[in-house]
């Protein structure tokens, strides 16, 4: 009977060829890359949510244009809502300029501001999706990489068994069981990436919805000079 010490993932890696090792390295790299994205995005989202709460509270507590401008300038580089406010206010200023007259003949100042706000929301939405393509790619491809490793490992094991002339159950089951670990490894890489991708997608949708609500309040403020107290 095959020695139990000669059965296991370490033994499989020791017996496999360059292709099997390459597939294992690919899965390891996928795992490291996806977990790096997951950790960084979780930290970013927590920090961003905290800054958004602080900015919106201060924004709605402001009583005049000068305090709003100071608040926006302070948070412009780090807060999506502040960047949205900058886009809206700049569009409003541009609508008052002489250069905007020809453009305003085609659309009203309010339409110019609304279009600028929507463009800013689209840009923030794109920022929120950074890294998610990698997670989607890992989630969809890692199981197949693991399956390929299993198929290749089984093929390699059967060739070795055939060359040795021994075909007892323990001679077959050990190498096949070792090769199946590659499928498990592929799933272990893919599942966290898939769960994180879905969670980040939901978080991005909620953040965009929050930006759209803020854009509505900002549009009212730019149009009427009155800040909604919601």
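In the working numbering, the protein residues as written are -6 to 223.
By construction, the Cβ of each residue, glycine as well, lies at the ideal position given by its N, Cα and C atoms.
Note that the structure is predicted; figures quoted are calculated from it, not measured.
Applying the 10 Å Cβ sphere with the 16-neighbour rule, what's the burial state of residue 148? Locating residue 148 in the chain shown gives position 155, where the first residue counts as 1. Exposed, since its Cβ has fewer than 16 Cβ neighbours within 10 Å.
Compute the Euclidean distance between the alpha carbons of residue 54 and residue 115, then round it to the nearest angstrom. Numbered from its first residue, the chain shown carries residue 54 at position 61. Numbered from its first residue, the chain shown carries residue 115 at position 122. Their backbone Cα atoms lie some 27 Å apart in a straight line.
Alpha-carbon spacing of residue -4 relative to residue 15, whole angstroms: Residue mapping note: residue -4 aligns to position 3 of the chain shown, counting from 1. Residue mapping note: residue 15 aligns to position 22 of the chain shown, counting from 1. Because residue -4 sits at a pLDDT of 49, beneath the cut-off of 50, its placement in the model cannot be relied upon, and the point is left open.
Put residue 62 into one of helix, strand or coil per three-state DSSP. What you label residue 62 is simply residue 69 of the chain shown in a count that begins at 1. Looking at residue 62 - three-state DSSP - the assignment turns out to be helix.
According to the Cβ coordinates, are residue 110 and residue 197 closer than 7 Å? Numbered from 1 along the chain shown, position 117 holds the residue referred to as residue 110. Numbered from 1 along the chain shown, position 204 holds the residue referred to as residue 197. Their beta carbons are not under 7 Å apart, which means residue 110 does not touch residue 197 by this criterion.
Determine whether the beta carbon atoms of residue 31 and residue 192 lie at a separation below 7 Å. Your numbering for residue 31 matches position 38 in the chain shown. Your numbering for residue 192 matches position 199 in the chain shown. Going by C-beta atoms, residue 31 is not nearer than 7 Å to residue 192.
Which residue's Cα is closest to the Cα of residue 203: 74, 50, 127, 131? Taking the first residue of the chain shown as position 1, residue 203 is located at position 210. It is 74.
Delimiting residues of the alpha helix (DSSP H) encompassing residue 32: Along the chain shown, read from residue 1 onward, the residue named residue 32 stands at position 39. Taken as a continuous stretch (DSSP letters only), the alpha helix (DSSP H) holding residue 32 covers 11 to 54.
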